[in-house]
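Chemist: Counting from -17, one number per residue, gives the positions in the sequence shown under my numbering.
Ideal placement from N, C-alpha and C gives every residue a C-beta, glycine not left out.
Sharing a structure with you now.
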Amino acid sequence: MRQLLISEILEECLSKASLFHDKEALSSRFYPNELPHREEQLSAIIRSLTPAIKGEGTNNLFIYGQPGTGKTAAMTLVGSKIMERAGDNVVVISINCRMGKVADTEYRLLAEISRQLGREVPATGLPTQEVYSIFFRLLEEKSKTLILILDEIDVLLDKCGDGFLYNLTRINETLSDSRVCIVGISNNLLFSDYLDPRTKSSLCEEKVLFQPYDAAQLRDILSERAAFCEGVIGQGVIEKCAALAAQEHGDARRAMNLLRAAGEIAENAGHQAVMEIHVDAAKRKLDFDCLSNAVKTQPKHGKAVIMSLISLKEKGVDKIQTGDLYSTYQRVCKQLSLEHLTPRRVYGITGELEMQGLMTTKVVNKGRYGRTRHIELSVNDETLGTIKGALSEYC
Ligand SMILES: Nc1ncnc2c1ncn2[C@@H]1O[C@H](COP(=O)(O)OP(=O)(O)O)[C@@H](O)[C@H]1O
Ligand SMILES: [Mg+2]
């Protein structure tokens, strides 16, 4: 690109008046000091953790609810207030278990907690038992209460198994001068059912549920966080973002993403106000990004199954029988020089694709011929184009 042209574009962008006065406030990484419609949950968490401030025994706590219902925001807020109030008696450590290299293994997680408690532990090399001992010694030396927040704890269970959580939740039995209180946070409502009953009863001594927000609640949240310049938000815009997010699963993150994207679209188009049409465009953009991302991040065989479904759909087969899917999948694997998986694994993959909204399956009753499963690629032509675009890098 010509130097002059670059400068011209840069000047043009810099001179454009922004519709936002504080865009960061609409970012999902920003945690506000006020959480409307979460008074009940905030007070339940505070009540449960207050004994820690007084140096008394504290129950472990389990916080659960759909994504975007304010769990991390609430716990971050309470954690910082407790630290302020308790001074040296309590230390709050928060770990997001989805973060690679920090909570991939029992070893890494213990090393990270020890690091946050002030002692560096080598990233690998020591026996796990030794890292446990370092962790115990650190706790006893400090003789404090440690509130250990394990956010997205369901990911930890997948990576490290149940035994580790059991050890953590029972840790107070081996400590004499200090205490640990585990706060597990999960987006998966069924998480505690996957735990060994002993771990479950210990982790879930107290439970706090974060219900999905309804449209009116999301409207209030958006109104507080909408960081646009005076008079920029058109009529019905906040209501529309709130209604769309409420229809999904009452997700505040989704509502804010819609509003922010609508603002960006309006701004890039040089419009002076954010209107409902910008929200429609924002929804299309976010859906597109989400779908392409879901396809792009599929493992190889997931992609091969999607390609098989597309191939059958393009041949005019709308209701796909599982047997046809499998034979097409075998052919696709051959083209891609992939070793094909067993039918059972492939049907497992179709279940995962269904959960991600990429396809639907229906059980069809065929009268005296029994029942069969029909698979459909649940997409319109536009979405099909997106999926093919996302796959094109792979083929
Ligand atoms: N009641 C609320 N008021 C203001 N912002 C909220 C509220 N609930 C959630 N949010 C915001 O929505 C986004 C998602 O919330 P988060 O706590 O990360 O959800 P979860 O951990 O349940 O997935 C964050 O930016 C958070 O600050
Ligand atoms: Mg969270």
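1. In whole angstroms, give me the CA-to-CA distance for K141 and L92.
2. Could you check what DSSP says for Q111 in three-state terms: helix, strand or coil?
3. Using only CA atoms, which one of A251, V361, L17 lies nearest to R201?
4. Taking the C-alpha atoms as reference points, what is the distance between L132 and V165?
5. For Y89, which of K295, A228, F146 has the nearest alpha-carbon?
6. Taking 8 Å as the cut-off, does the segment 120 to 137 touch the segment 163 to 177 (at least 3 CB pairs, one atom from each stretch)?
7. Measure the Cβ-Cβ separation of T332 and L273 and say whether it is below 8 Å.
8. So the beta strand (DSSP E) S168 belongs to, where does it begin and stop?
9. Return the CA-CA distance between L(-13) and A243, expressed in angstroms with no decimal places.
10. What is the DSSP secondary structure of F384, reduced to helix, strand or coil?
11. Hey, would you say the C-beta of G133 is under 7 Å away from at least one heavy atom of ligand 2?
12. What's the C-alpha gap between D262 and S168?
13. Taking only three categories from DSSP, how would you classify C152?
14. Provide the residue span of the beta strand (DSSP E) that contains F44, from first to last.
15. Ignore the nearest five residues each way along the sequence and tell me which others in G218's own chain have a CB closer than 7 Å to its CB.
16. Would you report the Cα separation of N250 and S9, rounded to the nearest angstrom?
17. Between which two residues does the alpha helix (DSSP H) harbouring N239 extend?
18. Where does the unbroken alpha helix (DSSP H) through V293 begin, and where does it stop?
19. Taking the continuous alpha helix (DSSP H) assigned at L130, which residues delimit it?
20. Can you tell me which of T279, L226, S205, E296 puts its alpha carbon nearest to the alpha carbon of A264?
21. Count the other C-beta atoms from every protein chain shown that fall within 10 angstroms of the C-beta of D178, then say buried if there are 16 or more, exposed otherwise.
22. Can you pull the DSSP bridge partners for V256?
23. Could you tell me how far apart the beta carbons of A286 and L335 are, in whole angstroms, since I believe they sit closer than 8 Å?
24. Expressed to the nearest angstrom, what Euclidean distance is found between the alpha-carbon atoms of S83 and E94?
Modeler: Looking at the coordinates:
1. 14 Å
2. helix
3. L17
4. 6 Å
5. F146
6. yes
7. no
8. 161 to 168
9. 27 Å
10. There is no way to answer for residue 384, as the model of the chain reaches only from -17 to 377.
11. Per the sequence shown, the amino acid found at residue 133 is Asp instead of Gly. True, at least one ligand heavy atom lies under 7 Å from that Cβ.
12. 31 Å
13. According to the sequence shown, residue 152 is Arg rather than Cys. Coil, per DSSP.
14. 43 to 47
15. E258
16. 18 Å
17. 234 to 250
18. One point to set straight first is that residue 293 is Ser, not Val, in the sequence displayed. That run of the alpha helix (DSSP H) goes 282 to 296.
19. It is not in any alpha helix (DSSP H) - L130 instead sits in the beta strand (DSSP E) that spans 127 to 133.
20. L226
21. exposed
22. I215
23. The pair is not a contact, with the Cβ atoms about 11 Å apart (cut-off 8 Å).
24. The question names Ser, yet the displayed sequence has Lys at residue 83. The straight-line gap from Cα to Cα measures roughly 9 Å.
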